[in-house]
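Okay, structure first, notes after.
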Amino acid sequence: MGGRMHADEADIDEALVRRLLAAQFPRWAGLPLRRFPSAGTVNAVYRLGDDLAVRLPRIPQGVGDVAKEQRWLPVLAPVLPVPIPAVLGSGSPGEGFPWAWSVCRWLDGDNPDAGALSGGPLSGGAAAPAAGQAAESAVDLAADLAAFVGALREVDPAGAPDAYRGGPLARLDTATRAAIGELDGLIDTGAATAAWEEALSAPEWLGGPVWVHADLMPGNLLVRDGRLSGVIDWGTLGAGDPACDLIPAWNLLPPAARDVFRAELGADDAMWARGRGRALSMALIQLPYYKDTNPAMAANARHVIGEVLGGPAR
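For what it's worth, full-length UniProt numbering labels the leading residue of the sequence shown as 1, then goes sequentially.
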């Protein structure tokens, strides 16, 4: 993804990144540089040589994420079961770019495809594996995701910032209902409203806040040979309701693997309902916003809506 998705998006291109590197990190300035075709919506990503990545905020809302990642990723990395990005260089505003930015260690892996895990392609692309192989891979991935989420929850949250998506679902009510209205004709708005209201009726989280990634979408997960190999894009990290890290159950995992994920994490009915509501709200808000500018994000939003409502979104 290289086009603009937001009205307030910064102008970022290879020439700017090269100027920033030459001015602030000359030891890396001569390495090959190419834009990485990420479906991410907040940061522009450039591959730098074989082992590095440059991440620059696209929009003002992402500026604070840089400092959070630089502060907390070194704390979380040693206790998690899979690699997460390591910040190797903290860039400053300059060369016409107004915000802080980072040079990180590159993590190898591919983004998982929700449709392939279900035995069929989500939106075109290569043929999916055989049904049995896909199911086995999905269960393994579900177990890996549960181990990752469980390990993250065990980290002491003292001093952690509030997670971007860690609060009560009620805070999303206005935006979610507005998105349902925008999707009239594309989804079953009655079913979406009923599912959302069911989630709102679930008991709130009464335990203490726990560490959450808060954006475990397929684009932020890396897999190798069907197993989780890394988790990236930590701008939404913080402490909050653990239900917000249940979203892979609907944005990625097929039903059998979804059950494994839930069982491994011991999610009760209330937590599961809040997680389902969180996944639905995210998808409902993303679909009208990104349907013309980010095909990958829109496709996953349609997938989530279909999984939650039991029928495809057009």
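Just so you know, even glycine gets a beta-carbon here, dropped at the ideal spot from N, CA and C.
Since the structure is predicted, the reported quantities are computational estimates derived from the model, not experimental observations.
1) So what's ALA160 in DSSP terms, helix, strand or just coil?
2) Who are the Cβ neighbours of GLY235 in its own chain at under 7 angstroms, not counting the five residues just before and after it?
3) Just how far apart, CA to CA, sit GLY119 and ILE180?
4) Using 8 angstroms as the threshold, is the region 257 to 271 in touch with the region 282 to 300, meaning 3 or more CB pairs across them?
5) According to the Cβ coordinates, are ALA191 and LEU309 closer than 8 angstroms?
6) Return the chain-ordered ranges of every beta strand (DSSP E) run that is complete within the region 77 to 103 and spans a minimum of 3 residues.
7) So residue 317 is in the alpha helix (DSSP H); what residue range does that whole segment cover?
8) Reducing DSSP to helix, strand and coil, say where ASN43 ends up.
9) Report yes if the CB atom of PHE97 is closer than 8 angstroms to the CB atom of LEU33, and no otherwise.
10) Could you check the C-alpha separation between SER90 and PHE25 for me, to the nearest Å?
11) Please tell me whether ALA138 and LEU253 are closer than 8 angstroms, where the distance is taken between their beta carbons.
12) Return the CA-CA distance between VAL210 and ASP268, expressed in angstroms with no decimal places.
13) Which whole-angstrom value describes the C-beta separation of ARG278 and ILE247, a residue pair presumed to lie in contact below a C-beta threshold of 8 angstroms?
14) Which partner residues does ILE187 have in the DSSP bridge list?
15) Helix, strand or coil, according to DSSP, for TRP72 in the structure here?
Quick answer:
1) Assignment of ALA160 by DSSP, reduced to helix, strand and coil, places it in the coil class.
2) Excluding residues up to 5 positions away in sequence, VAL42, GLY62, ASP65, LYS68 and GLU69 lie with their Cβ nearer than 7 angstroms to the Cβ of GLY235 in the same chain.
3) Low confidence applies here, because GLY119 scores a pLDDT of 45, under 50, leaving its location unreliable and the question unanswered by this model.
4) No, the region 257 to 271 does not touch the region 282 to 300.
5) Taking 8 angstroms as the Cβ cut-off, ALA191 and LEU309 qualify as a contacting pair.
6) Whole beta strand (DSSP E) segments, 3+ residues: 87 to 91.
7) The shown model of the chain, from 1 to 314, leaves out residue 317, and the question about it has no answer.
8) DSSP places ASN43 within a strand segment (E or B) once states are collapsed to three.
9) The Cβ atoms of PHE97 and LEU33 lie no closer than 8 angstroms to each other.
10) A straight-line Cα-Cα distance of about 10 angstroms links SER90 and PHE25.
11) It is a contact, given that the beta carbons lie within the stated cut-off.
12) If you draw a straight line from the Cα of VAL210 to the Cα of ASP268, it comes to about 16 angstroms.
13) Indeed they touch by this definition, with Cβ atoms about 6 angstroms apart.
14) Looking at the DSSP assignment, ILE187 forms a beta bridge with ASP184.
15) Note: TRP72 maps to helix in three-state DSSP.
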